[in-house]
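What follows is a set of notes on a single structure, which appears directly below.
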Amino acid sequence: MEFLSVNGEPVSIWPLVLLLLAALGAGWIDAVVGGGGLIQLPALLLFPGVTPVQALATNKLGSIFGTTTSAVTYYRRTSPDLKTAIPMAITAMAGAFGGAALATILPAEAIQPIIIAALIAVLLFTILKPKAGELSRLRYTGRAHYLRAIMIGLVIGGYDGMIGPGTGSFLIIAMVTVLGYNFLQSSAKAKIVNLCTNMGALLLFVPTGHVLVGLGLAMGVMNMLGGYLGARMAISKGSAFIRIVFVIVVSGLILKLGSDLILAGRA
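In this text, residue positions in the sequence shown follow the working numbering: the first is 4, and each later residue adds one.
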């Protein structure tokens, strides 16, 4: 049964149902550790005629609803350090805008090997350092702390604008390893930063017409529900739970990006 059209192509109801379920799961994953795009982007590409850039842009619109919900939930229950989160978020927004511009002209395959290597290093660190991220011990103070936070936001914001999946995971591990926050505090701040990276990317994608607004808004509703449930669970379970989910999601990201790279090489 034809339900709607995307890019002029008829679409049945079943791809939409799968997309909404994926958006619900993605909202939950994003709220806990990030990486919801791992399931949300492939679901978008099930629709006939949807280009990779459209999928990336529409994913940003859907995700912004869930990220806002989880950010508010974290803020109300954990009171994250806004003096760190806000400067990081501002530079991340600028980085995401630049990354989104690159996404329209540069194939993601060009930097995927670097991303995969970084994810493997992150995974090994997390497994080999089981105590990392359990307690908050800030490594720097004053200007040194804020400068590192700003650089983290700029670099990872650029990645989010260009590729997307795993942004929250990169933000969390950067705040754990570089700044010294625990997993729960890092996840709370990552939501605020990720909200701004999504906004930064949309500042470019919306005027250029790459966002499929109908699909994005439908995803947004389910993302909000997933984001709320995920944030509540992460807060109640704490850093140990977040660390376990983090390892699972990063492993999935490595497999997904690795398989994409292999398939692209065979094409």
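All residues carry an ideal CB built from backbone N, CA and C; glycine is no exception.
All values derive from a computational prediction rather than experimental measurement.
Within the same chain, show all residues whose beta-carbon is closer than 6 Å to that of Phe100, passing over the 5 residues directly before and after it, in chain order. Contacts found: Gly203, Leu206, Leu207.
For Ala135, report the span of its alpha helix (DSSP H) as first-last. Per DSSP, Ala135 is not a residue of any alpha helix (DSSP H), being assigned neither H nor E.
Can you give me the C-alpha to C-alpha distance between Ile245 and Gly229, rounded to a whole angstrom? Counting only the Cα atoms, Gly229 lies some 16 Å from Ile245.
Can you tell which of Leu105, Ala106, Leu198 has its C-alpha closest to the C-alpha of Ile89? Comparing Cα positions, the closest option is Leu198.
Would you mind reading off the limits of the alpha helix (DSSP H) that contains Asn201? DSSP places Asn201 inside the alpha helix (DSSP H), whose first and last residues are 186-208.
Less than 7 Å between the beta carbons of Ile153 and Thr94, yes or no? In this structure, Thr94 lies closer than 7 Å to Ile153 by Cβ.
Would you mind giving the Cβ-Cβ distance between Phe50 and Met227, rounded to the nearest angstrom? I have them listed as a contact below 8 Å. Not quite, the Cβ-Cβ distance comes to about 21 Å (not below 8 Å), so this is no contact.
Just the Cα atoms here: how many angstroms apart are Lys194 and Thr54? For Lys194 and Thr54, the gap between their C-alpha atoms comes out near 27 Å.
Rounded to whole angstroms, what is the Cα-Cα separation between Gly275 and Leu266? Given that the chain is displayed from residue 4 to residue 270, the structure contains no residue 275 and the question cannot be resolved.
Length of the line joining the Cα atoms of Gln57 and Ile238: Going by the C-alpha atoms only, they are around 33 Å apart.
With DSSP run on the structure shown, which of helix, strand or coil describes Ser15? Residue state, collapsed to three classes: strand.
Relative to the C-alpha of Glu137, which residue among Ile108, Thr70, Ser190, Gly217 is closest? It is Ser190 whose Cα lies nearest to the Cα of Glu137.
Same chain, Cβ closer than 6 Å to Leu220, five either side skipped, listed in chain order: Non-local C-beta neighbours of Leu220 in its own chain, meaning closer than 6 Å and more than five positions away in sequence, are absent.
What is the rounded straight-line gap between the Cα of Ser15 and the Cα of Ser139? Rounded to whole angstroms, Ser15 to Ser139 spans 49 Å at the Cα level.
Does DSSP classify Asp263 as helix, strand or coil? Helix at Asp263.
Whole angstroms is fine: what's the gap from Thr76's alpha carbon to Ser82's? The straight-line gap from Cα to Cα measures roughly 10 Å.
Thr72 (DSSP reduced to helix, strand or coil): It is helical.
With 16 as the cutoff for other CB atoms within 10 Å, does Lys63 come out buried or exposed? Label assigned to Lys63: buried.
Roughly how many angstroms separate the alpha carbons of Met4 and Leu44, rounded to a whole number? Annotation note: pLDDT 39 at Met4 (below 50); position unreliable, coordinate value reported separately. Met4 and Leu44: Cα-Cα distance of roughly 24 Å.
Should Gly241 be labelled buried (16 or more other beta-carbon atoms within 10 Å of its own) or exposed? Exposed is the call here.
I'd like to check one pair, Gly98 with Gly161: are the Cβ atoms closer than 7 Å? For Gly161 and Gly98, yes; Cβs fall inside 7 Å.
Mind checking Ala2: buried by the 16 CB within 10 Å criterion, or exposed? The chain is shown from 4 up to 270; residue 2 falls before or after that span and cannot be answered.
Look at the Cβ atom of Gly261, then the Cβ atom of Ser172, and state whether they are nearer than 7 Å. At least 7 Å separates the beta-carbon of Gly261 from that of Ser172.
Nearest neighbour of Val20, chosen from Tyr184, Met225, Leu232, Ile251 [CA to CA]: Looking at the Cα atoms, Met225 is the closest of the given residues.
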